[in-house]
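Asker: If you use mature numbering (1 follows the signal peptide of the UniProt record, and there is no 0), the sequence shown corresponds to residues -17 to -1, 1 to 391, in order.
Here's a structure for you.
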Amino acid sequence: MLFIISIFLITFGKQSPDPNDAFLNQSIAVMLGGQQKHYYDNNVVVHSSTTNQKNHYSSISPDYFDDDETTDFVEQLQSYDYNQDINLNDLRVSRIHSDINKIEIMPLIIPEGNMSNYAVKKYLGEGTFAFVQSGIRLSDGLLVVLKQIKSKYLWWARMEAHIIDILNEEKKASIVKLIDMYMNNTSPVLVFEELQNSKTLDYRIYSFYHDLILEEIKRFYLQLFYGLSITHSKGIMHLDIKPQNIIVSNDDIQIIDWGVSDFYYPLKEYRTRVGTRHYRAPEQLLHYKHYDYAVDVWALGSILASTIFKKYPFFKGRNNDDQLLQVVKVLGSQDLFQFCEKYDIKLNEKLKKTLQGYERQALENYIDENNRELVSPAVIDLLNKIFVYDHRIRISAEEVLQHEFFRE
Ligand SMILES: Nc1ncnc2c1ncn2[C@@H]1O[C@H](COP(=O)(O)OP(=O)(O)OP(=O)(O)O)[C@@H](O)[C@H]1O
Ligand SMILES: [Mg+2]
């Protein structure tokens, strides 16, 4: 069976990883002798070793075969001077929460330990950074998720633990709960409370399966933007907001995977090839290194647009420049060029040529008979305030909470 799946994936997979492709889903299901549902529930693509070395657990991953999908650690960054004087009115500085972090933060030390407090229940999968298993805390039967991070990412595990630890001070924020951490030989293990009966958000918003009603969408996104507003108010950026890093049950939603998140410092340079392409903000796609919290708002806005319009993902580029082009096709060329001029972002001539000549599209153009019941003038207005090139003008997470969409 694995052989047949492998042949199938080699034949169709390379050019057609798109889960919106109903034919692909149907074909995989038929080959497995089951229903279309098999594609999701059995994670056929996920567990096939022929697809890619990267495993996406139980998630639908539209950009599975592309190579610049995740964080590029090789990107050159200038070192940062934590003692420098900063003019907070500098255009390169975030307009909000710009001076929360004043000294260099050393991430948590993860203590020695072993797994004897926990019994493993099920292997959930392997990602770039970690192996993830579900388990039980033996002392009281609490259901947990054990994320064993690969040794070479120890620093990142310490950052992840540190950041979640800070965020968990805010009990009501929709952020995964870290309950324990220890070193298992050279690998750090982070233990989270399991969100039971949850799925990653991509299951719920992927257009073919979309089962969210408007009331749930408002409730969940309000929680997510609230989570982001808390995160940002504590001087932290998530940097990998995507549907696969949001888990949702019937009545709860949580932002998980803080593996590449970071503390914001004004004028510090950050990796632009961080996170996942389809959710990258224009300033990242333009390789502008002084970006800030606003990249998370863009990412969550793109997911909201996916949810409302049942178009998954909303901006679907095949590589970094094509991703920018997809954004420009919606937001227009003129504002992009103005944005580049304002922030002194250089575009090479070839790319400039590719990006010119597009008018800003009205988001109403995306309304069709499949999504009409979810779209309102209020949500369009909110998305228009998120889909702004200029990250210093883009609405902040905290401002989103006040938006009419969540009140009507
Ligand atoms: N608290 C939790 N409750 C339920 N499921 C969880 C929880 N935490 C993680 N998971 C599951 O484990 C998966 C992997 O977790 P996470 O994204 O933190 O790991 P990762 O190795 O960083 O992933 P990747 O490299 O794919 O981004 C999630 O997609 C989710 O399905
Ligand atoms: Mg993840």
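Here a beta-carbon is modelled for each residue, glycine too, at the ideal position from N, C-alpha and C.
As the structure is a prediction and not an experimental result, all values here were calculated from the model.
1) Is I158 helix, strand or coil by DSSP?
2) Compute the minimum distance between the beta carbon of G110 and the heavy atoms of ligand 2, and state whether it is under 7 Å.
3) Pick out whichever of N354, E391, Y63 and V313 has its Cα sitting closest to the Cα of A345.
4) Under the three-state reduction of DSSP, which class applies to E95: helix, strand or coil?
5) Looking at C-alpha atoms only, which residue of H221, Q61, Q339 and D185 is the closest neighbour of I158?
6) Once you ignore the five residues that flank L250 on each side, which residues in its own chain have a CB closer than 8 Å to its CB?
7) Per DSSP, which residues does S212 bridge with? Please list them.
8) What three-state label does DSSP hand Q237 in the structure shown?
9) Can D240 be considered in contact with ligand 1, in the sense that its beta carbon sits closer than 7 Å to one or more heavy atoms?
10) Among V243, H193, R254 and Y271, which one has its Cα closest to the Cα of M142?
11) Identify, in the order they occur along the chain, each residue of the same chain with its Cβ nearer than 6 Å to the Cβ of L269, setting aside the five sequence neighbours on each side.
12) To the nearest angstrom, how far is it from the Cα of W281 to the Cα of L137?
13) In terms of DSSP beta bridges, what is E153 paired with?
14) Would you kindly report the start and end of the unbroken beta strand (DSSP E) that includes G118?
15) Taking its Cβ as the centre, do 16 or more other Cβ atoms sit within 10 Å of S379, making it buried, or is it exposed?
16) If you drop the 5 nearest sequence neighbours on each side, which residues of the same chain put their C-beta closer than 7 Å to that of F389?
17) Strictly by DSSP, which residues pair up with P171?
18) Can you tell me whether DSSP reads A345 as helix, strand or coil?
19) Would you say F175 touches ligand 1, meaning its beta carbon is less than 7 Å from a heavy atom?
20) Is I219 near G284, with beta carbons less than 8 Å apart?
21) When you measure from the CB of Q131 to every non-hydrogen atom of ligand 2, does any distance come out below 7 Å?
22) May I ask you to verify whether the stretch 114 to 124 touches the stretch 90 to 105, counting CB pairs closer than 8 Å and requiring at least 3?
23) On a Cα-Cα basis, can you pick out the residue from P171, Y209, Y248 and R355 that is closest to G96?
24) Comparing C-alpha positions only, which one of V257, D304 and T290 sits nearest to S359?
25) If you run the structure through DSSP and keep just helix, strand and coil, what is Y23?
Answerer: Let's see:
1) strand
2) yes
3) V313
4) strand
5) H221
6) Y63, Q67, I69, D73, R75, V76 and H273
7) S212 pairs with nothing; no bridge assigned.
8) strand
9) yes
10) V243
11) I328
12) 29 Å
13) DSSP output for E153 lists no bridge partner at all.
14) A113 to R120
15) buried
16) K201 and L205
17) M166
18) coil
19) yes
20) no
21) no
22) yes
23) P171
24) T290
25) Confidence in Y23 is poor, its pLDDT being 25 and thus under 50, which makes the residue's placement unreliable; the coordinate value appears in the next sentence. Of the three classes helix, strand and coil, the one that applies to Y23 here is helix, per DSSP.
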